[in-house]
Structure formats: structure tokens, C-alpha cells
Amino acid sequence: MLQKNIPSIVTLPVELIYHILDNLDILTIFISLRNVCTRLNNILDNYYRYKTFTILNLHREKLNEQQFQCLFNALRNNKTITELHLDCNRIDNQKTRYLVDALKNNTTITALVLCNNNIGIDGAQSLANLLNNNKTIERLNLGWNGIGSEGALHIADTLRNNHILTTLHLDINDINNQGTKYLADALHYNTTLKILILSNNNIDDTGAQYLANMLNINKTLTKLVLCENKIDSTGVKYLANALCNNKILTTLNLRLNKINSIGAQYLANALKNNQTLTDLYLGWNKIDNQGAQYLANALDINHTLLSLHLERNKIDCQGCEYFNNAILKNQVR
Numbered sequence: 016m017l018q019k020n021i022p023s024i025v026t027l028p029v030e031l032i033y034h035i036l037d038n039l040d041i042l043t044i045f046i047s048l049r050n051v052c053t054r055l056n057n058i059l060d061n062y063y064r065y066k067t068f069t070i071l072n073l074h075r076e077k078l079n080e081q082q083f084q085c086l087f088n089a090l091r092n093n094k095t096i097t098e099l100h101l102d103c104n105r106i107d108n109q110k111t112r113y114l115v116d117a118l119k120n121n122t123t124i125t126a127l128v129l130c131n132n133n134i135g136i137d138g139a140q141s142l143a144n145l146l147n148n149n150k151t152i153e154r155l156n157l158g159w160n161g162i163g164s165e166g167a168l169h170i171a172d173t174l175r176n177n178h179i180l181t182t183l184h185l186d187i188n189d190i191n192n193q194g195t196k197y198l199a200d201a202l203h204y205n206t207t208l209k210i211l212i213l214s215n216n217n218i219d220d221t222g223a224q225y226l227a228n229m230l231n232i233n234k235t236l237t238k239l240v241l242c243e244n245k246i247d248s249t250g251v252k253y254l255a256n257a258l259c260n261n262k263i264l265t266t267l268n269l270r271l272n273k274i275n276s277i278g279a280q281y282l283a284n285a286l287k288n289n290q291t292l293t294d295l296y297l298g299w300n301k302i303d304n305q306g307a308q309y310l311a312n313a314l315d316i317n318h319t320l321l322s323l324h325l326e327r328n329k330i331d332c333q334g335c336e337y338f339n340n341a342i343l344k345n346q347v348r
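The end of the sequence shown is residue 348 by our numbering, with every number in the run present.
Take a look at the structure:
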């Protein structure tokens, strides 16, 4: 019986390889065909879909060990990917080290999304080491990774000298007040970070004080998200005092904390002096009609706040009337 020799893809004419590539999804091309041989790499480098492939989204792909290894190998010399999404992929500290090794010479990735994995403290340290030398990563999402306060320390240490990162997500990491202190202290020196997400981290009034002290010094942070923490009126007082002096922050999110009408009064007083805050989120707190009145009165003086979120508080029709009157006064002006 005659045996047919089936040609390997690497020996086919370029035009035929392009035709095959046209019928494959880009993820298969990236993970399975990269680094097979030098000739195929050269062909891929000139293939139009590969050249324009800038966002690699592997959300919930749950890659196996072999696929991860192929991915890391493909990333080593890649010059097209600018965003890498690996959220929800069961990445532990060991895989994080492999990823960091693959990206140590990368000069194109600007956004790295690793939320909802198992990176932990050691993984956070590996990523901090990457950030110490990387010159392109501007956005890093490490939310829900169990890095704790010790992991926050590693990230904070690199923030002291990093001049590239502009957005940092550390939500749901149990960094608590100590981790918050590490980050706040680092931001006394950092001059590039603009957005910091610290939602759901067991931060209470002490942590709020650390952040308030930072806001009195920092000149670049424009958005601070502290929702789903344990900040009450005492913590809000610290933040409100900082807002009286801060000229940079435009968004403050305090949704789902423990703020009552006394806290609302502190914020209202701050709004009478602050002329930069544009978005204030206070939904799902304990603010009643009295707090609504404080905030509404502040709007008579403040003309820069664009949105005030107060859903799911203890404000009824009377509280709404205070805001209605404030809006009418502003319209007359």
C-alpha cells in the first residue's frame, strides 16, 4: 500500500500558509504556531492579522499547563500585544514568576489584567520586581488575588520609584490598614499614579487617615475608590479635611461604607472649599435627611461637582426637596 507524505505547514508556500491562517482564530495562531520554527515566525510577523493583533483577552479561558507554557513562550518576543487580560485563570505565584520572566524584556504591553487569580504575596513580589524595570506598563489590575498587607508592601516599594504606572487596582485583597499605610506612604513620593482602586479591603478610619495624609501631599492622584470598606464619620472627617487642600482629586468613591449624616456634614463643609472634585459617590451609606440638607446647602457654594450619588441611603422626599431647591437656585444663576 502506498503511503502519502503529508507536508508540514512549515514547508508550504507562504501564500498557502496565509490561506490556512485566515481560517484559524487568532488565539490558536498566537499560542500554537508561534516559535514552531524561525520560518513560521517570520511569516507570522508579516501576516496582517498578527501584526494588528494588539489585545489578547484570555478571560476565563482556564488554560492548561501546556497552553500556559506556549503562551509565555509566545510573549517573550512579541511586539504587537499592548493589552494582556489573564483574569480568572487560576494563576498562582509560580505561573506569575513564569509570566514575569516572559515579560521582562517586553516593550509593548501597557495594560496587564490579572484580577481574580491566586497570585498571593510571592506573586506580588514578582510583579513588583517586573515593575521596577518595565518602562511600558501603565495599567495593572491585581484585584482579588490574596496579596494581603505584605503583598501591598511589595507593590508600594516599587511605587516609590516607578514613573510609568498610572492605574492600579488592588480591590478585594485584604490589605487592611497596614497595607494602606504602605501604599499611602509610597504615594508621598510617586508622581505618576492617577487612579487607585482599594475597594473591599477592610480599611477603616485609621486607613482613611493614612490616605488623607497622602492626599495633602500627593499632586497626581485624580481618582480614589474606597467603596465597600469600614470607614465611618471619623474617617470621613480625615478625608474631608484633605479635600479642603487637595487641588488634584476629581473622583472620590465612598460607596458602601458606614457614613452617617455627621460624615455628610464633614464632606459638605469640604465641598464649600474644594473646587476640583467632580464626582462624589456616597451610595449605600447611612445618610438621612439632615445629611442631605448639609450636602444640598454645599451645592449653593460649590459649582464644580458634576455628579453626587446618594442611592440607598435614608433620604426620603424631604431630603430630595433640599436638593431640588439647590438645583433650582443653580439654574437661576
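Ideal Cβ positions, reconstructed from N, Cα and C, are used throughout, including at glycine.
- Collapsing the DSSP output to three states places Thr173 in a helix.
- Excluding the 5 residues flanking it on each side, Thr173 has same chain C-beta neighbours closer than 7 Å at Ala143, Leu146 and Asn147, in chain order.
- Cβ neighbours of Glu153 within its own chain (closer than 8 Å, five residues either side excluded): Thr125, Ala126, Ile179, Leu180, Thr181 and Thr182.
- Residue pairing of Arg154 in beta bridges, as defined by DSSP: Ala126 and Thr182.
- Cβ neighbours of Arg327 within its own chain (closer than 7 Å, five residues either side excluded): Gly298 and Trp299.
- Of the residues Arg49, Thr221 and Thr235, the one whose Cα lies closest to the Cα of Asn244 is Thr221.
- Where Lys238 is concerned, the enclosing beta strand (DSSP E) starts and stops at Lys238 to Val240.
- For the pair Ala283 and Tyr309, the CB atoms are nearer than the 7 Å cut-off.
- Asn108 sits in a helix when the DSSP states are folded into three classes.
- Counting only the Cα atoms, Asp200 lies some 25 Å from Gly278.
- Within the same chain, and ignoring the five residues on either side of Lys196 in sequence, the residues whose Cβ sits closer than 7 Å to its Cβ are Tyr225.
- Beta bridge pairing from DSSP links Thr26 with no other residue.
- Secondary structure remark: continuous beta strand (DSSP E) runs of at least 3 residues inside the region 229-303, in chain order: 238-240, 266-268 and 294-296.
- A distance below 6 Å between beta-carbons, with the five flanking residues on each side excluded, links Gly158 to the following residues of its chain, in chain order: Cys130, His184, Asp186 and Ile187.
- Taking a cut-off of 8 Å for Cβ pairs, the region 233-241 and the region 199-213 touch, as three or more such pairs fall below it.
- The three-state reading of DSSP puts Lys329 in strand, counting E and B together.
- Residue Gly194 holds the alpha-carbon nearest to the alpha-carbon of Leu168 among Asp189, Tyr204, Arg175 and Gly194.
- In the structure shown, Glu76 falls within a coil segment according to DSSP collapsed to helix, strand and coil.
- Per DSSP, reduced to three states, the secondary structure at Asn215 is coil, with no helix or strand assignment.
- Around the beta carbon of Val51, fewer than 16 other beta carbons sit within 10 angstroms, so the residue counts as exposed.
- The three-state secondary structure of Ile70, taken from DSSP, is strand.
- In the structure shown, Leu343 falls within a helical segment according to DSSP collapsed to helix, strand and coil.
- Residue range Ser322 to His324 is occupied by the beta strand (DSSP E) that includes Leu323.
- Straight across, the Cα-Cα distance linking Asp107 with Lys234 is about 35 Å.
- For Thr111, the number of other beta carbons within 10 angstroms of its own is at least 16, and it is reported as buried.
- Distance from the CA of Gln280 to the CA of Leu325, rounded to the nearest whole angstrom, comes to 14 Å.
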